[in-house]
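Trainee: One line per chain: the protein sequences are F and V, in this order. Take -14 as the starting number for the first sequence in this note's numbering and just add one per residue. Take -14 as the starting number for the second sequence in this note's numbering and just add one per residue. Every residue gets a Cβ at the ideal spot worked out from N, C-alpha and C, and that includes glycine. The structure displayed is predicted, hence computed values, not measured ones.
There are 2 protein chains.
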Amino acid sequence: MSIEAVFHMNTGNGDSSYASNSHFQGTGLQRSLPVLQEAINRIAKDLNGFPRCFKIADLGCSSGPNTLFVVTNILDIFHDICSENNSQVPQFQVFLNDLVENDFNTVFRSLPTFYSKLKKKKGDKRGPCYVYAVPGSFYSRLFPDENIHLFHSSYAVHWLSRVPQGLENNKLNIYMAKTSPTNVFEAYRKQFEKDFTKLLVLRSHEMTNGGHMILMFAGRSKPDPTSEDCCVIWELLAKSLVDMVKEGLVEESKVSSFNVPQYTPYEGEVRDVIQKEGSFSLHSVNGFALSWPTPGINTAKFIRAISEPLIATHFGSSIMDVLFKKYQEHVVDHLATKKGMNYNLIISLIKK
Amino acid sequence: MSIEAVFHMNTGNGDSSYASNSHFQGTGLQRSLPVLQEAINRIAKDLNGFPRCFKIADLGCSSGPNTLFVVTNILDIFHDICSENNSQVPQFQVFLNDLVENDFNTVFRSLPTFYSKLKKKKGDKRGPCYVYAVPGSFYSRLFPDENIHLFHSSYAVHWLSRVPQGLENNKLNIYMAKTSPTNVFEAYRKQFEKDFTKLLVLRSHEMTNGGHMILMFAGRSKPDPTSEDCCVIWELLAKSLVDMVKEGLVEESKVSSFNVPQYTPYEGEVRDVIQKEGSFSLHSVNGFALSWPTPGINTAKFIRAISEPLIATHFGSSIMDVLFKKYQEHVVDHLATKKGMNYNLIISLIKK
Chain F
-14 MSIEAVFHMN
-4 TGNGDSSYAS
6 NSHFQGTGLQ
16 RSLPVLQEAI
26 NRIAKDLNGF
36 PRCFKIADLG
46 CSSGPNTLFV
56 VTNILDIFHD
66 ICSENNSQVP
76 QFQVFLNDLV
86 ENDFNTVFRS
96 LPTFYSKLKK
106 KKGDKRGPCY
116 VYAVPGSFYS
126 RLFPDENIHL
136 FHSSYAVHWL
146 SRVPQGLENN
156 KLNIYMAKTS
166 PTNVFEAYRK
176 QFEKDFTKLL
186 VLRSHEMTNG
196 GHMILMFAGR
206 SKPDPTSEDC
216 CVIWELLAKS
226 LVDMVKEGLV
236 EESKVSSFNV
246 PQYTPYEGEV
256 RDVIQKEGSF
266 SLHSVNGFAL
276 SWPTPGINTA
286 KFIRAISEPL
296 IATHFGSSIM
306 DVLFKKYQEH
316 VVDHLATKKG
326 MNYNLIISLI
336 KK
Chain V
-14 MSIEAVFHMN
-4 TGNGDSSYAS
6 NSHFQGTGLQ
16 RSLPVLQEAI
26 NRIAKDLNGF
36 PRCFKIADLG
46 CSSGPNTLFV
56 VTNILDIFHD
66 ICSENNSQVP
76 QFQVFLNDLV
86 ENDFNTVFRS
96 LPTFYSKLKK
106 KKGDKRGPCY
116 VYAVPGSFYS
126 RLFPDENIHL
136 FHSSYAVHWL
146 SRVPQGLENN
156 KLNIYMAKTS
166 PTNVFEAYRK
176 QFEKDFTKLL
186 VLRSHEMTNG
196 GHMILMFAGR
206 SKPDPTSEDC
216 CVIWELLAKS
226 LVDMVKEGLV
236 EESKVSSFNV
246 PQYTPYEGEV
256 RDVIQKEGSF
266 SLHSVNGFAL
276 SWPTPGINTA
286 KFIRAISEPL
296 IATHFGSSIM
306 DVLFKKYQEH
316 VVDHLATKKG
326 MNYNLIISLI
336 KK
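1) When the Cα atoms are used, what is the spatial distance from residue 154 of chain F to residue 218 of chain F?
2) Sort F:23, F:73, F:225 and F:16 by Cα distance to residue 275 of chain F and report the nearest one.
3) What is the DSSP secondary structure of residue 94 of chain F, counted as helix, strand or coil?
4) Does the segment 20 to 31 of chain F come within contact of the segment 107 to 126 of chain F, defined as at least 3 CB pairs closer than 8 Å?
5) Pick out whichever of V:165, V:43, V:107 and V:283 has its Cα sitting closest to the Cα of residue 14 of chain V.
6) Going by DSSP in three states, residue 275 of chain F sits in which element: helix, strand or coil?
7) Does DSSP classify residue 143 of chain F as helix, strand or coil?
8) Count the CB pairs spanning the segment 27 to 45 of chain F and the segment 131 to 145 of chain F that are closer than 8 Å, and state whether there are at least three.
9) Tell me, which residues are paired with residue 204 of chain V by DSSP?
10) For residue 172 of chain V, report the span of its alpha helix (DSSP H) as first-last.
11) Going straight from the alpha carbon of residue 201 of chain V to that of residue 149 of chain V, what length do you get?
12) Measure the Cβ-Cβ separation of residue 239 of chain V and residue 309 of chain V and say whether it is below 8 Å.
13) Residues of chain F with CB under 7 Å from residue 73 of chain V, in chain order?
14) At a CB-CB cut-off below 8 Å, which residues of chain F make contact with residue 80 of chain V?
15) So is residue 186 of chain V in contact with chain F if we call contact Cβ pairs under 8 Å?
16) Just mark residue 321 of chain V as buried or exposed, buried being the case when its beta carbon has 16 or more other beta carbons within 10 Å.
17) In chain order, what are the residue ranges of uninterrupted beta strand (DSSP E) at least 3 long that sit wholly in the segment 217 to 276 of chain V?
18) Ignoring anything shorter than 3 residues or poking outside the segment 26 to 111 of chain V, list the beta strand (DSSP E) runs there in chain order.
19) Give a yes or no on whether the minimum CB-CB distance between residue 63 of chain F and chain V is below 8 Å.
20) Skipping 5 residues on each side, what residues in its chain have a beta carbon closer than 6 Å to that of residue 137 of chain V?
21) For residue 150 of chain F, which residues in chain B fall below 8 Å Cβ to Cβ?
22) What residue from V:53, V:63, V:49 and V:332 has the CA that sits closest to residue 37 of chain V's CA?
23) Nearest-angstrom Cα distance between residue 61 of chain V and residue 73 of chain V?
24) Kindly indicate if chain V contains any beta-carbon less than 8 Å away from that of residue 43 of chain F.
25) Can you name the start and end residues of the beta strand (DSSP E) that residue 115 of chain F belongs to?
26) What's the C-alpha gap between residue 252 of chain F and residue 178 of chain F?
27) Alpha carbon to alpha carbon, how far is residue 125 of chain F from residue 266 of chain F?
28) Starting from residue 85 of chain V, find everything on chain F with Cβ-Cβ shorter than 7 Å and list it in chain order.
29) Which chain F residues are close to residue 32 of chain V, counting only those with a beta carbon under 9 Å from its beta carbon?
30) Quick one: list the residues of chain V neighbouring residue 280 of chain F, beta-carbon separation under 9 Å, in chain order.
31) Determine, using beta carbons only, whether residue 67 of chain F comes closer than 8 Å to chain V.
32) Between which residues of its own chain and residue 131 of chain F is the CB-CB distance below 6 Å, once the five residues before and five after are set aside?
33) Classify residue 33 of chain F as buried or exposed, calling it buried when 16 or more other Cβ atoms lie within 10 Å of its own Cβ.
34) Within 10 angstroms of its Cβ, does residue 344 of chain V collect 16 or more other Cβ (buried), or is it exposed?
35) With distances taken from CA atoms, which of F:57, F:80 and F:119 is nearest residue 100 of chain F?
36) Compute the Euclidean distance between the alpha carbons of residue 175 of chain V and residue 26 of chain V, then round it to the nearest angstrom.
Next up, the structure:
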């Protein structure tokens, strides 16, 4: 299944929307700011100043407060550097990329406020900033050759281009889980290797010489693919679906044929793909754990906001409220005895 | 009133949507193709071939079949020229611009079909084409300096940046009309002069040297600003509003304070502004008349699709069905004795 046609975060600004349930990702973004700062400093040094027009692309920008939060922070870093060096702030083109089903209309409605805040904050010193949308999968070409100076992505490249093939025996699991057969781990790892390699190849063509790329995504802290810090959150959703099977609300075969198109790689796996692909040198890797949103209801909302369109396409949207009520209960039970943690990786790459 | 925050064509794909009621504009677009062809031929000659990446911007792209129809036609022209000259098709960046309230989500949903048709038609010979959205008013800067090779716009630059000031005595008219006081014509003309001058200044900064611009918009065939070929269509809407005033459905003061932010200039006025502004040489001007969409219900739907959000913001959306039923009747009455014609101008400009 290609996820391109169905996959997107929950749209709009309502209670179940991604916009209202993306604080977790916002916290992660805060953690990535020093890495961004370091990268932009390095660019300034490498280029001996900035070009007249600096082009930035954000891959998997989604729709919500985080979308323009990233841009705002990147611009702040540029302004600080130019102010320190007493140099001219460049003009910016910011390209926001996401799949065609992403709710770009909501992003665009927040642009007038974004621009007026920018003007107020930077006054005459602001380099003009032009924000555009680039609809399409980042597993396809998005830009002409040698076009972008800085790629950025947060919480996006752990989404695969498709559900891996050969997961028929993953039965009542919906992702890699302790009870998954061995071939399942291998199928997921292979799909990640294929997709991440493609991502690197495509971006290396689209980058200017010496271009930089900062990617933050969900990963795992241990080589073991059943490691709790990445898989439990989906195991609890599988449990909730199995509850619904037992109650006759969902067909067992439906659960058996559903698998989440995500991969949470171990740092070593990421390093291996980068080395094998060969276009980039890995400047830095940072790993950090983040607690699930509390209380449990917020974790349920967080997972619903990122997975509802995917689940609804497979199971129908009528199951959603019951499913996430059960999910919330499982999350609360889990948190009563254990910590709920997600592990994240931030990698900083330079085009060779 | 700045129209930026409220103005857009009717969204979606439904019966009242712009997408379903823009055949009229599509017919106009067909008429502009020879002008586009001539311009692109000239660009190829002037540049002695095309640059590696050719950048095209469509100002006021709206949302519907016409949006990608323009792009498709432009790409076809390029392919024909490259095929004739046996030269390499460039890579394309196509920037679709419209106000932030435009329904870009609907445009994006049609992109996968657009790309696959392009691939099928051009095969290996297609220059890759990357379509982006540029949300914002074309009366503000949209691009960095010297960025765009070809600007295009159809049925957009007759929309002003705001309702002209000083129309308090236009009473039960909603646009320039036979019964409008003299100052009304002057206020409209001045606002057009100001806006069109600004458009030329901004675009001249954003264009590459020798850049081209093709603008098609509603105008009038005679110097007389009450000329039937531009004003009647709004006079019939004013009549419909006055009917509703008489029936107590709309307040008279509401009609008196409503004026359409549009100007349909005479060719001579357009020439004057271009000459005065000075950045562009006017390569060609073509004028042509188009019949209103028939039967009358289609003219009513056409005007509703382009003006509903504007009218609803002022009068509330509850009046819409009754208003456009009355409007349809007035259109039918009008067409019983007269021809319904709109006049259009296509101008081709080259940056000096």
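Mentor: Answer, in terms of the structure:
1) Straight-line measurement puts the Cα of residue 218 of chain F at about 21 Å from the Cα of residue 154 of chain F.
2) Nearest neighbour of residue 275 of chain F by Cα position, chosen from F:23, F:73, F:225 and F:16, turns out to be F:16.
3) Residue state, collapsed to three classes: helix.
4) No, the segment 20 to 31 of chain F does not touch the segment 107 to 126 of chain F.
5) Ranked by Cα distance from residue 14 of chain V, the options V:165, V:43, V:107 and V:283 are led by V:43.
6) Here residue 275 of chain F sits in strand by DSSP.
7) Looking at residue 143 of chain F - three-state DSSP - the assignment turns out to be coil, as it is neither helix nor strand.
8) Segments in contact, yes.
9) V:328.
10) Residue 172 of chain V -> alpha helix (DSSP H) spans 167 to 191.
11) Rounded to whole angstroms, residue 201 of chain V to residue 149 of chain V spans 22 Å at the Cα level.
12) Using a Cβ distance threshold of 8 Å, residue 239 of chain V and residue 309 of chain V do not count as a contacting pair.
13) What residue 73 of chain V touches in chain F: nothing, since even the nearest Cβ is about 13 Å away.
14) Chain-ordered, the chain F residues with CB closer than 8 Å to the CB of residue 80 of chain V read 117.
15) Chain F, which has no Cβ nearer than 8 Å to the Cβ of residue 186 of chain V, makes this no.
16) Around the beta carbon of residue 321 of chain V, fewer than 16 other beta carbons sit within 10 angstroms, so the residue counts as exposed.
17) Within the segment 217 to 276 of chain V, the runs of beta strand (DSSP E) that reach at least 3 residues and sit entirely inside it are, in chain order, 265 to 276.
18) The qualifying runs are 38 to 44 and 76 to 83.
19) By this cut-off, residue 63 of chain F is not an interface position.
20) Answer for residue 137 of chain V: 43 and 199, listed in chain order.
21) Checking the listed chains, one finds no chain B in this structure; the protein chains it contains are F and V.
22) Residue 37 of chain V has its Cα closest to that of V:63, out of V:53, V:63, V:49 and V:332.
23) Taking the straight line joining both Cα atoms gives about 14 Å.
24) Output row for residue 43 of chain F: interface = no.
25) Looking at the DSSP string, the run of the beta strand (DSSP E) that includes residue 115 of chain F is 114 to 120.
26) Rounded to whole angstroms, residue 252 of chain F to residue 178 of chain F spans 13 Å at the Cα level.
27) If I take the Cα positions, the gap works out to 22 Å.
28) Residue 85 of chain V reaches chain F at 93, 94, 96 and 97, counting residues in chain order whose Cβ is nearer than 7 Å.
29) Taking a Cβ-Cβ cut-off of 9 Å, residue 32 of chain V has no neighbours in chain F, whose nearest Cβ is about 17 Å from it.
30) Those do not exist, as residue 280 of chain F stays about 33 Å from chain V at its closest Cβ, beyond 9 Å.
31) Any Cβ of chain V closer than 8 Å to the Cβ of residue 67 of chain F would place that residue at the interface, and such an atom is absent.
32) The residues 193, in chain order, have a CB closer than 6 Å to that of residue 131 of chain F in the same chain once the five nearest residues on each side in sequence are set aside.
33) It counts as exposed.
34) The shown model of chain V, from -14 to 337, leaves out residue 344 of chain V, and the question about it has no answer.
35) Proximity to residue 100 of chain F across F:57, F:80 and F:119 peaks at F:57, based on C-alpha coordinates.
36) For the pair residue 175 of chain V and residue 26 of chain V, the Cα-to-Cα distance works out to about 35 Å.
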